[in-house]
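Chemist: To convert, count from 1 in the sequence shown and add 664; that's our numbering.
Okay, handing you the structure first.
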Amino acid sequence: MQELIRKLLADLGEDPAREGLRDTPKRVEKAYKFLTSGYDADIDQVLNNALFTVDYSEMVIVKDIDFYSLCEHHLLPFFGKCHVAYIPSTRVIGLSKIPRVVDVFARRLQVQERLTNQIADTIRDKIAPLGVAVVMEATHLCMSMRGVEKQNSFAVTSAMQGAFRNNARTRMEFLELIKLRSAVPGLRDSAAARYECVGED
Ligand SMILES: [Zn+2]
665 MQELIRKLLA DLGEDPAREG LRDTPKRVEK AYKFLTSGYD ADIDQVLNNA
715 LFTVDYSEMV IVKDIDFYSL CEHHLLPFFG KCHVAYIPST RVIGLSKIPR
765 VVDVFARRLQ VQERLTNQIA DTIRDKIAPL GVAVVMEATH LCMSMRGVEK
815 QNSFAVTSAM QGAFRNNART RMEFLELIKL RSAVPGLRDS AAARYECVGE
865 D
């Protein structure tokens, strides 16, 4: 990877040998390995010993989870807040593990819709809740830095499953708690918001 970064620097018109850039390939490799470390993460290991059987069926919410990801179209960051809710059937996930699940999927090359769905699907698969909801709000640097469609550089996506999909009151209770009721597009049909960064540019 370091050789590729050296080549990239030269192609950008830089001198990879100058003092400030000498160690850049090493640093970039290290940074990218960390930012894509989700590929090597084992979700079962992440959740190890944190799934509990309970007699509890009220909504569980973890909101304002910070996340940082890389858009797969431009390899530029998109980042923001993730809100997760589920209604347990027989099992719950330790609360501290929810942000870890978000990190596992955020630390990969992503599009926001897929990231949102992967978090929801993982919770569904691991504890079979009565419903699960994930809403992500993010700023995409590939759009805001390049000045493309500035008004759309902020995107909201959602994944609603089970009770959150079928029951408008449950869904509204969740959206009320994260204060996003009017900001989430596409919620009438519970579909994920249609959004893509400018992938073809
Ligand atoms: Zn992009």
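We treat Cβ as the ideally placed atom computed from N, Cα and C, and that holds for glycine.
Output yes if chain C places a C-beta closer than 9 Å to the C-beta of K694; else output no.
Modeler: Among the chains in the structure shown there is no chain C, since it carries only a single protein chain.
Chemist: Going by Cα to Cα distance, which pick from S808, A770, V799, H804 is closest to I651?
Modeler: There is simply no residue 651 to check, as the chain begins at 665 and stops at 865 in what is shown.
Chemist: How many angstroms separate the CA atom of D853 from the CA atom of V799?
Modeler: Because D853 carries a pLDDT of 36, less than 50, the predicted location of this residue cannot be relied on, and the following value inherits that uncertainty. Distance between the alpha carbons of D853 and V799: 15 Å.
Chemist: Should M836 be counted as a contact of ligand 1 given a C-beta to heavy atom distance under 8 Å?
Modeler: no
Chemist: Terminal residues of the continuous beta strand (DSSP E) containing D730?
Modeler: For D730, the enclosing beta strand (DSSP E) starts and ends at 724-735.
Chemist: If we ignore side chains and look at the alpha-carbon of each, how far apart do R829 and L673 end up?
Modeler: 48 Å
Chemist: Quick check on S808: does DSSP put it in helix, strand or coil?
Modeler: The three-state secondary structure of S808, taken from DSSP, is helix.
Chemist: Near F818, what residues of its chain come up, given a Cβ to Cβ distance below 6 Å and the 5 sequence neighbours on each side ignored?
Modeler: Cβ neighbours of F818 beyond the five flanking positions: T803.
Chemist: Could you spell out the range, first to last residue, of the alpha helix (DSSP H) harbouring T834?
Modeler: 832-841
Chemist: By Cβ distance below 8 Å, which residues in the same chain neighbour L734 in space, the five residues on each side in sequence not counted?
Modeler: L699, T700, L740, P741, F742, R772, L773, Q774
Chemist: In whole angstroms, what is the alpha-carbon distance linking E693 and Y703?
Modeler: 15 Å
Chemist: Would S721 be called buried (16 or more neighbouring beta carbons within 10 Å of its own) or exposed?
Modeler: exposed
Chemist: Any heavy atom of ligand 1 closer than 8 Å to the beta-carbon of M807?
Modeler: yes
Chemist: Between I842 and the rest of its own chain, which residues show a CB-CB distance below 7 Å, the 5 nearest in sequence each way excluded?
Modeler: Answer for I842: K727, H747, V799, listed in chain order.
Chemist: Measuring CB to CB, does G795 end up less than 9 Å from A832?
Modeler: no
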